[in-house]
Amino acid sequence: MQTTVFLWVLAAVVASLGLVFFQYYYKQKDRKPYRFWLSFLRFFSFLCTFLLLINPKFTKNERSIEKTRLILLIDNSRSMVQHNTSDSLKYKLEKLQNDPNIRDRFELNSYRFGSDISVADSITFEEGVSNIGLALEKSSSLFASPNTSVVLFTDGNQTMGKDYEFSNLPQTNTVWPIVVGDTVTYKDLAVSQVNLNRYAFLDNQFPIETVVTYEGQEAIRAQLQVFFDGRNVHREQLQFQQGEKSKTLTTLLRATSIGIKSVEVRISTLTGERNTTNNKKEVAVDVIDEKTKVLLVSQLIHPDIGALKKAIESNDQRVVELVDPDIEFNEHADADVLLVYQPQANYQKAYDFAKSRRIPIFTVVGDQADLAWFNTNYGNLAEIELGYPTQEVFGEINTGFAYFDSSVFDFEGYPPLSTRAGSVSILAPQEVILDMTIKGIKMESPLLTVLSDANIKNVFLFGSDIWKWRLHDYRTHGNFEQFDNLFSKIMVYLSKSGKRNRLEVDYQKVYDGSQELKIRANFYDRTFVQDNQADLILQLRDKNTSLSRSLPMLLKGNYFEVDLTDLQPGEYEFTVNENNENISRQGAFKILDFDAENQIFTSNHGKLARLATKTKGEIFYQDQLDDFIDKLTQDNQFAPLQKNNQKIVPLIDFRLLLGLLALTLSAEWFIRKYNGLL
């Protein structure tokens, strides 16, 4: 207790005694027996009152031991067991995790990673991809403590995601790689990459770009072959000079029939080459005979236009042509969708053209649109309340949207859009994709909605600056997929001719062997309200073996799904049946015979060493596990820290003082009342 506090308490005691003495004993001749008890109670009443006024406090020291946080990241991919058995690696991990010195010195958290990161409750070494960069960044965001070290148990071969060598890690995080696998560099020739568009057009040529890499010292010759739909269509001799590491080649192929076609690139093997699985690579292309043309009408220069164009053209099956509203639209009679950005009065020609040809319209009504003209032109479908300044609006996904599965999109945390629209009244049947919120309050107005009158499909977006959404998507996920997929699905809906289907199936036509293969479906009743009681069965047939099987599609939120990730590479056909009403849809897809984890034969210890140097760590190898444990347990920088937390707390709880004061005053009043002194 501090001296000042002690003196104040002592003064309170002395003052209380002095006041009691003056009231009950000074010049008092009455010596009745209850006088002592009255003075005793009055003393405590005075003392409690003084202590409440003084409120004496003292400093309380709380000491704690803070251990260094040690995050163990375990690569759970198949490449880890190329040169080791699963049991031997698990033994090393258990030895590290259960070492008593590690346990005493560190707070250990173990995670496994493949395509994503999760708690290391079981290690299988069976995942098809390895995303080291994601594991490093997610673990550092989970534990923001500055006193953190990361142990990276991996072969260093990343087959998915951003390059981990350039991961954005906190400067206080130290990475200690433990290299698993063979570190000897062998002579190797590989087809490391084949790039091509997902779609090609019938009777047109399309390019493929092939990257061939070489690990070795002497000059070599090799033969490159390209097979298209099983036929050898190209052969080329390659020569690598001494010190040359890679070659990039471009080949033109012609699409002669529609459907999913395989493109396989092969490179000859070297004498004594140990890893021959990477000497070929197969990709696929979907040959189609039509393309969707989107006419983007705008007289403004705005970053939204670039974002829209990029998002729509992320699917090679679509092309966007930017035009001015004053052009002769009849020259663009082949347009499939009209996208109007920030309409003004002089956009009337564009709308007249679309209505005369019944072309679907996507209208972006932002902060520079002529809202009065919009109300005049579209008053039968939508009406905007005028007179509002530019304001910020946010989007909230409507998971009940019926035209396609919107539950996969999440716009929480996305930046606001700009609009001058007040309340928006929709006067036709609509399906809202995004509800409008302002300052956290959900409005009765849509932000992004789909509606159709008797003649034409319409989509309205009541806000501009959507380029910020696409940029945020990249910052958050490292790609533009969520933003692009949303606009891709909208374009599919707009460009789809004919009546709506009660059974909609969503799937990809080509899977590369490392992706999750899930087929989703939505079923609607006769009024096109989502029917979650449907009985959907998927009939799957292997085109190569003619083997078939039936699988139920399970309800997941507002869509049905079946997981086919366990399928072997090959070509498959499927039919989705709704048993109650006998409605069905058919489709086909191909799984490529490609295992990314078997393409690299040795560990990438060089990159791991650079990562360790960058983060002020040190690299170790799997046979140096004891040295690594000694390093961690003996280095003073990882010694536990003793922390002293000082708290200023009251000497006596004021609630106790108030209770005691009430008790003494009540007791004194009762004694006085009982003895007739009141």
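So the sequence shown is residues 545 to 1222, counted in my numbering. Just so you know, even glycine gets a beta-carbon here, dropped at the ideal spot from N, CA and C.
Under the three-state reduction of DSSP, Gly562 is assigned to helix.
Its Cα nearest to that of Asp1056, the residue Ile1135 stands out among Pro721, Ile1034 and Ile1135. Of Gly803, Ala898 and Val695, the smallest CA-CA separation from Tyr743 is found for Gly803. If only uninterrupted beta strand (DSSP E) runs of at least 3 residues are considered, those enclosed by the region 1127-1189 are 1127-1135. For Leu633, the enclosing alpha helix (DSSP H) stretches over residues Ser630 to Asn642. By alpha-carbon distance to Val976, the top candidate from Ile1163, Arg964 and Leu991 is Leu991. Look at Phe1027 here: in three-state DSSP terms it is helix.
Put simply, the backbone Cα of Leu696 is about 11 angstroms away from that of Gly677. Between Gly705 and Asn675, the C-beta gap is smaller than 7 angstroms, which places the two residues in contact.
Beta-bridge analysis with DSSP links Glu808 to Phe771 and Glu826. Taking Ala855 as reference, the option from Asp1107, Val809, Thr593 and Lys1033 with the minimal CA-CA separation is Lys1033. In this structure, Phe584 is the residue among Phe584, Tyr569, Phe565 and Tyr655 with its C-alpha nearest to the C-alpha of Glu1212. Between Glu681 and Ser711, the C-beta gap is smaller than 7 angstroms, which places the two residues in contact.
Under DSSP, Gln974 takes part in a beta bridge, and its partners are Leu995. Using a Cβ distance threshold of 7 angstroms, Val770 and Thr795 count as a contacting pair. Burial state of Phe602 is exposed, judged by a 10 Å Cβ sphere holding fewer than 16 other Cβ atoms. A direct Cα-Cα distance of roughly 10 angstroms separates Gln1178 from Phe1172.
Secondary structure of Ser693 (DSSP, three-state): strand.
DSSP places Lys1001 in the uninterrupted beta strand (DSSP E) bounded by Lys1001 to Leu1005. Under the three-state reduction of DSSP, Glu865 is assigned to strand. Using a Cβ distance threshold of 7 angstroms, Val829 and Thr754 do not count as a contacting pair. Residue environment analysis places Gln626 among the buried positions, since at least 16 neighbouring C-beta atoms fall within 10 angstroms of its C-beta. Going by C-alpha positions, Ser623 is about 16 angstroms away from Leu617.
Secondary-structure assignment with DSSP links Trp720 through a beta bridge to Val695.
Excluding residues up to 5 positions away in sequence, Leu1185 and Lys1187 lie with their Cβ nearer than 6 angstroms to the Cβ of Glu610 in the same chain. The region 1190-1204 makes contact with the region 591-607: 3 or more CB pairs, one atom from each, lie closer than 8 angstroms. Just so you know, the alpha carbons of Phe873 and Ala894 end up roughly 7 angstroms apart.
The region 1022-1033 makes no contact with the region 1092-1110, as fewer than three CB pairs between them are under 8 angstroms. Nearest to Leu971 by alpha-carbon distance, out of His846, Thr981, Thr963 and Asn924, is Asn924. Within a 10 Å sphere around the beta-carbon of Ile661 sit 16 or more other beta-carbons, which makes this residue buried.
Note on Gly1161: 16 or more other CB atoms within 10 angstroms of its CB, so buried under the neighbour-count rule. Taken in chain order, the complete alpha helix (DSSP H) segments of 4 or more residues contained in the region 831-905 are 847-856 and 892-901. Straight-line spacing of the CA atoms in Ile1127 and Trp1013 works out to 38 angstroms.
For the alpha helix (DSSP H) assignment, the region 1044-1080 encloses no uninterrupted run of at least 4 residues. About 7 angstroms separates the beta carbon of Pro904 from that of Ser1039, a gap short enough to meet the 8 angstroms contact definition.
Distance between Asn823 and Ala766, taken at the CA atoms: about 11 angstroms.
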